[in-house]
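Q:
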Amino acid sequence: MNKEFHSFGWYASKVSPHLPKKAFKPVPGRLLGGLAYLIISIAGMFAIGIYDLPFLANIALSFVIGTSFAAMGFLGHEILHGTVVKKAKLRNLLGAVFFFPLLTGPLLWRKWHNMTHHVHTQNEEKDPDTWLSKEDLDKKPALKIIYRLPFSVRAFLEFFALCFTFTLHSTKIFFAYIKEFKPEKRGTVWIQFLLPWVAWLGLIFFVGIINWLFIFLIPHLIANAIVMGYISTNHRLNPLVPVNDPLANTLSVTVPRWIDVLHFNFSYHTEHHIFPSMSSKYYPLVKDLIKDSWPSRYHEMPMSSALIALWKTPRVYYNGKDLIDPQAQLLYGSLGNGLNPEAIEPRPINNSDTN
1 MNKEFHSFGW YASKVSPHLP KKAFKPVPGR LLGGLAYLII SIAGMFAIGI
51 YDLPFLANIA LSFVIGTSFA AMGFLGHEIL HGTVVKKAKL RNLLGAVFFF
101 PLLTGPLLWR KWHNMTHHVH TQNEEKDPDT WLSKEDLDKK PALKIIYRLP
151 FSVRAFLEFF ALCFTFTLHS TKIFFAYIKE FKPEKRGTVW IQFLLPWVAW
201 LGLIFFVGII NWLFIFLIPH LIANAIVMGY ISTNHRLNPL VPVNDPLANT
251 LSVTVPRWID VLHFNFSYHT EHHIFPSMSS KYYPLVKDLI KDSWPSRYHE
301 MPMSSALIAL WKTPRVYYNG KDLIDPQAQL LYGSLGNGLN PEAIEPRPIN
351 NSDTN
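Take a look at the structure:
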């Protein structure tokens, strides 16, 4: 693999001339899908709250609501990148609506995701979404206890945690970033953080705890799992890099076309990191152009293969390009650095790894 890194702007400058002008304009028609998910979610909630439905019917409705919550989050992500509507106030309002089930405010999301993660992707010190390094782990004795568990147990716990990781991480980011907002904006950020929590928890007093489990908690866990299923594959198999190079630090997964339709092409993640302000409607065009120009550097695999690879590899970085199981002292390659998802084999640490 060519080890020369390029910024996302460099790739964008090479690909842009080959794209139609309409690809760089907002696509407000995406809101129709969001409206459908809103109607489905509200209808499901009312059905659970009003009718005395059988347990299996409530579970089925919870699943439908949960998948709708996840898709609303994908659309909220697009909206807050400015690819659906351009007016700031409308963008923030719609972003707040579609991120409401995931308990995340639009101003926090834009600062955390747009202005930090996208600018510093897979930078060990600056990307808030990057997993820790072996050096960081050694400084955290309490966390090291978890990594003493057997590898299979850790893998199970990490996948189980996908059901609440997005919400947990979003809350952690809020308290880490709130002081970085200008004083005149902090009140708004606090309101955007608290309002979803108050609204969803307050719903208990109107529908009762049992109905609330089916109306919100179970769907919320399902939405977390779906969203994190994608987010976990976006970068966690990729290395840390000195340059924000989307072809080195990002993975696109493949899913059936009907899932891409339902999830607003969220699977096209490398394409998104090159053109974050472009509607995902046009990412298939971008993908074809990238694969024509840099076929050996582009990372993609089926979602199922990516999740299996995540299960079989640890989540601690070693020297940036490898992943390490700190308990067994075994190294695993990252994408572009020896990781073969079809045959994952660890290796012991040798002198060349420590240099």
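Taken in order, the sequence shown gives residues 1 to 355; the numbers are from UniProt numbering. A virtual CB, placed ideally from N, CA and C, is assigned to each residue, including glycine. All figures in this text were calculated on a predicted structure; none of them were measured in a lab.
(1) What number of angstroms, rounded off, separates the C-alpha of ARG154 from the C-alpha of VAL253?
(2) Could you give the residue range of the alpha helix (DSSP H) that holds ASP292?
(3) Which residue's Cα is closest to the Cα of THR171: GLY202, LEU108 and GLY229?
(4) Please state the DSSP three-state secondary structure of MET301.
(5) List the endpoints of the continuous alpha helix (DSSP H) containing VAL261.
(6) Are any of the Cβ atoms in chain C nearer than 8 Å to that of LEU331?
(7) How would you label ARG297, buried or exposed, when you count the other beta carbons within 10 angstroms and need 16 or more for buried?
(8) By the three-class DSSP mapping on this structure, what secondary structure does GLY333 have?
(9) Alpha carbon to alpha carbon, how far is ILE39 from ASP52? Give it in angstroms, no decimals.
(10) For ILE324, which three-state DSSP category applies?
(11) Inspect the beta-carbon positions of ILE42 and LEU61 and report whether they are closer than 8 Å.
(12) Residues bridged to TYR317 by DSSP?
(13) Tell me, which residues are paired with VAL253 by DSSP?
(14) What are the boundary residues of the alpha helix (DSSP H) that residue 359 is part of?
(15) From the DSSP secondary-structure annotation, give me the bridge partner or partners of PRO348.
(16) Do the region 208–215 and the region 144–164 meet, that is, are 3 or more Cβ pairs less than 8 Å apart?
(17) Using 8 Å as the threshold, is the C-beta distance between ASN234 and HIS120 below it?
(18) Roughly how far, in whole angstroms, is the beta-carbon of VAL189 from the beta-carbon of GLY95, given that I think they are within contact range, below 8 Å?
(19) Could you check the C-alpha separation between ILE191 and PHE266 for me, to the nearest Å?
(20) Determine contact between the region 332–352 and the region 161–176, defined as no fewer than three beta-carbon pairs at a distance below 8 Å.
(21) Please report the residue range of the alpha helix (DSSP H) in which PRO106 lies.
(22) Suppose you measure from the CA of VAL27 to the CA of PHE69; what does that come to, to the nearest Å?
(23) Taking buried to mean at least 16 other C-beta atoms within 10 Å of its own C-beta, is LYS185 buried or exposed?
A: Considering the structure as presented:
(1) By one-based count along the sequence shown, residue 154 stands at place 154. By one-based count along the sequence shown, residue 253 stands at place 253. As the crow flies, the alpha-carbon of ARG154 is around 24 Å from that of VAL253.
(2) As a first step, residue 292 is located in the sequence shown; it is residue number 292 there, counting from the start. Per DSSP, ASP292 is one residue of the alpha helix (DSSP H) stretching across 283–293.
(3) If you number the sequence shown from 1, residue 171 lands on position 171. Among GLY202, LEU108 and GLY229, the Cα nearest to that of THR171 is on LEU108.
(4) Position 301 of the sequence shown, counting from 1, holds the residue named residue 301. Judged by DSSP in its simplified three-state form, MET301 adopts strand.
(5) Within the sequence shown, numbered from 1, the residue matching residue 261 stands at position 261. Here the alpha helix (DSSP H) through VAL261 covers 257–262.
(6) Structure shown: chain C not included; a single protein chain is present.
(7) Counting from one through the sequence shown, the residue named residue 297 turns up at place 297. With 16 or more Cβ atoms within 10 Å of its Cβ, ARG297 is classed as buried.
(8) For the purposes of this step, residue 333 is taken as the residue at position 333 of the sequence shown. Looking at GLY333 - three-state DSSP - the assignment turns out to be strand.
(9) Position 52 of the sequence shown, counted from the start, is the residue given in the question as residue 52. Position 39 of the sequence shown, counted from the start, is the residue given in the question as residue 39. ASP52 and ILE39 have their alpha carbons spaced roughly 21 Å apart.
(10) One-based indexing of the sequence shown puts residue 324 at position 324. Correct three-state label for ILE324: strand.
(11) As a position in the sequence shown, residue 42 is number 42, starting the count at 1. As a position in the sequence shown, residue 61 is number 61, starting the count at 1. No, the Cβ-Cβ distance between ILE42 and LEU61 is not below 8 Å.
(12) Indexing the sequence shown from 1 puts residue 317 at position 317. For TYR317, which the question treats as bridged, DSSP gives the partners SER133 and LEU323.
(13) Position 253 of the sequence shown, counted from the first residue, corresponds to residue 253. VAL253 pairs with MET301.
(14) Beyond the ends of the chain as shown, which are 1 and 355, falls residue 359; an answer cannot be given.
(15) Along the sequence shown, read from residue 1 onward, the residue named residue 348 stands at position 348. PRO348 is bridged to LEU330.
(16) Judged by pairs of C-beta atoms under 8 Å, the region 208–215 does not touch the region 144–164, as fewer than three such pairs exist.
(17) As a first step, residue 234 must be located in the sequence shown, where it is residue number 234. As a first step, residue 120 must be located in the sequence shown, where it is residue number 120. Against a cut-off of 8 Å, the Cβ pair of HIS120 and ASN234 comes out as no contact.
(18) On the sequence shown, position 189 is the one that residue 189 refers to. On the sequence shown, position 95 is the one that residue 95 refers to. A Cβ-Cβ separation of about 13 Å leaves VAL189 out of contact with GLY95 under the 8 Å criterion.
(19) Your numbering for residue 191 matches position 191 in the sequence shown. Your numbering for residue 266 matches position 266 in the sequence shown. ILE191 and PHE266 have their C-alpha atoms spaced approximately 28 Å apart.
(20) The region 332–352 makes no contact with the region 161–176: fewer than 3 CB pairs, one atom from each, lie closer than 8 Å.
(21) Taking the sequence shown and counting its residues from 1, one reaches residue 106 at position 106. Residues 106–109.
(22) Residue mapping note: residue 27 aligns to position 27 of the sequence shown, counting from 1. Residue mapping note: residue 69 aligns to position 69 of the sequence shown, counting from 1. Pairing VAL27 with PHE69, the inter-Cα distance amounts to about 21 Å.
(23) In the sequence shown, residue 185 corresponds to position 185, counting from 1. With fewer than 16 Cβ atoms within 10 Å of its Cβ, LYS185 is classed as exposed.
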